[in-house]
Amino acid sequence: MITISELSKKANVTPRTLRYYDSINLLKPLGVTEGGHRTYRKEDIIKLQQIQFLKKVGFSLKEIKQLIENDDLDPVDHIKNQLNLIRSEQKLLKEMERDLVGLLHSHSIEGRLNWDLILQMLQHQQTGQMEMRKYSKQWFGEKVDEVTKKLPNINDDNKETGEWIDLIKALQDMMDQPPNSIEVQTIVEEIWMKSKSLYGDDEQLQQQLWEVRKSPEESSRLGWYPLDEKLLRFLDQAFAIYENGGKIHD
């Protein structure tokens, strides 16, 4: 026989928790002393540890009571259901994590939380992946999977996405300079080289990617992060100079 104080210390739970378990008939004491203190069997330590473990993995106290008390109940179905629930929650948490990363990256690009843009992106995402894939296939045909896999995503928390954002921010800071300046052309060359490292020497694909990127409407339809139109026009001018010159020049 052990006291409620001893049981609470051994199982690392509070006496208040044990009193609550008693009140819902989950873990009943052996008896009560003349002083009003609950006493338990040593076997209750194991039972309490079972309760705590099942609680830790997400079972409700009602479910735990059924699992412990009903010997005819097959626990496998309950465990599988709980596992599926946890996996669904993990998926939801991962989506929430990506959305928060996207907010941080959007703030980094815009210098503020542009809620009009954010809500526009959210609304478009809710149209579904199938719809975006359909539009993507119209543009890229059989190469749609390659494009989708390699395309930087604002919700990705990785080095590649961070580097693209840094290039965009650098270009934003140079918009008061002429597009043929050495500084601007250096950034353009970096963008070109990064794009080439992703998609190789496929000039047709590169051109298709750029046609989508410089159109806010098409970018939105494909689920791409919409960049400022002034920035896109500036980048278009700078790219034209880069392609015509074939090198960085004043």
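Start counting the sequence shown at 286; every next residue gets the next number (our numbering).
Beta carbons: idealized from backbone N, C-alpha and C, even for Gly.
- Judged by DSSP in its simplified three-state form, V342 adopts coil rather than helix or strand.
- Here the segment 413 to 424 does not lie against the segment 458 to 478, with fewer than 3 beta-carbon pairs under 8 Å apart.
- With contacts defined by Cβ atoms closer than 8 Å, P464 and I526 form a contacting pair.
- Y420 sits in a helix when the DSSP states are folded into three classes.
- In this structure K454 touches I394 by the C-beta definition: roughly 7 Å separates them, less than 8 Å.
- Counting along the chain, the unbroken alpha helix (DSSP H) around R506 starts and ends at P501 to R506.
- A check of alpha carbon separations from K428 across Y306, Q491 and I331 identifies Q491 as the nearest.
- Residues of the same chain with a CB within less than 8 Å of the CB of W477, apart from the 5 flanking positions on each side, are F524 and Y527 in chain order.
- The C-beta distance from D451 to V386 rounds to 15 Å, too long to meet the 8 Å contact threshold.
- Burial state of H322 is exposed, judged by a 10 Å Cβ sphere holding fewer than 16 other Cβ atoms.
- Collapsing the DSSP output to three states places I439 in coil.
- In the structure shown, I331 adopts helical secondary structure according to DSSP, grouped into three states.
- When the alpha-carbon of F338 is set against those of L378, L507 and I349, the nearest one is in I349.
- I439 sits away from T433, with the two beta carbons spaced by 8 Å or more.
- CA-to-CA, the gap between I403 and Q457 works out to about 19 Å.
- Put simply, the backbone Cα of L377 is about 35 Å away from that of R304.
- Between L352 and L346, the C-beta gap is not smaller than 8 Å, which leaves the two residues out of contact.
- For Y325, the enclosing beta strand (DSSP E) starts and ends at R323 to Y325.
- Between L315 and Y325, the beta carbon gap of about 6 Å places them in contact (Cβ cut-off 8 Å).
- One thing to note: Q405 has its Cβ no nearer than 8 Å to the Cβ of S504.
- Cβ neighbours of M459 within its own chain (closer than 8 Å, five residues either side excluded): S466, E468, V469 and I472.
- For P511, there is no enclosing alpha helix (DSSP H), since its DSSP letter is neither H nor E.
- Boundaries of the alpha helix (DSSP H) around R301: P300 to S308.
- For the pair K435 and Q493, the Cα-to-Cα distance works out to about 15 Å.
- Taking C-beta atoms as the reference points, S293 and T299 count as a pair closer than 8 Å.
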